[in-house]
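Novice: Residue numbers (UniProt numbering): 1 to 64.
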Amino acid sequence: MQNLNFASIMLGIALLSLLGLQLGKRTRTSEDDERLLIIRLLEKILWLVVAFALPLTLYVLWRG
Numbered sequence: 001m002q003n004l005n006f007a008s009i010m011l012g013i014a015l016l017s018l019l020g021l022q023l024g025k026r027t028r029t030s031e032d033d034e035r036l037l038i039i040r041l042l043e044k045i046l047w048l049v050v051a052f053a054l055p056l057t058l059y060v061l062w063r064g
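See the structure below:
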């Protein structure tokens, strides 16, 4: 039962992170500025790190 609860928590965190990626795409409108493009790229990388590293970290701590 604990594994099921933990798996649902990890899935929820990953889905929220991916939702953040989608919301990040929609809030930016001007794609002409090079700095804005770099910021958007870094933002996507950050969300991907959160989507994969945070559940993995929680799993390691849970099993610890």
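Quick reminder that beta carbons are idealized off the backbone N, C-alpha and C, glycines included.
Helix, strand or coil: how does DSSP classify G64 here?
Specialist: Here residue 64 corresponds to residue number 64 of the sequence shown, with the count starting at 1. In the structure shown, G64 sits in coil (DSSP, three-state: anything other than H, G, I, E or B).
Novice: Is it buried or exposed, W62, if we count other Cβ atoms within 10 angstroms and call 16 or more buried?
Specialist: Working through the sequence shown from its first residue, we reach residue 62 at position 62. By the 10 Å Cβ count, W62 comes out exposed.
Novice: Can you tell me whether S17 is buried or exposed, with buried defined as 16 or more other CB within 10 angstroms of its CB?
Specialist: For the purposes of this step, residue 17 is identified with residue 17 of the sequence shown, where counting begins at 1. By the 10 Å Cβ count, S17 comes out buried.
Novice: Return the CA-CA distance between R35 and A51, expressed in angstroms with no decimal places.
Specialist: Working through the sequence shown from its first residue, we reach residue 35 at position 35. Working through the sequence shown from its first residue, we reach residue 51 at position 51. Computed Cα separation, rounded: 24 Å.
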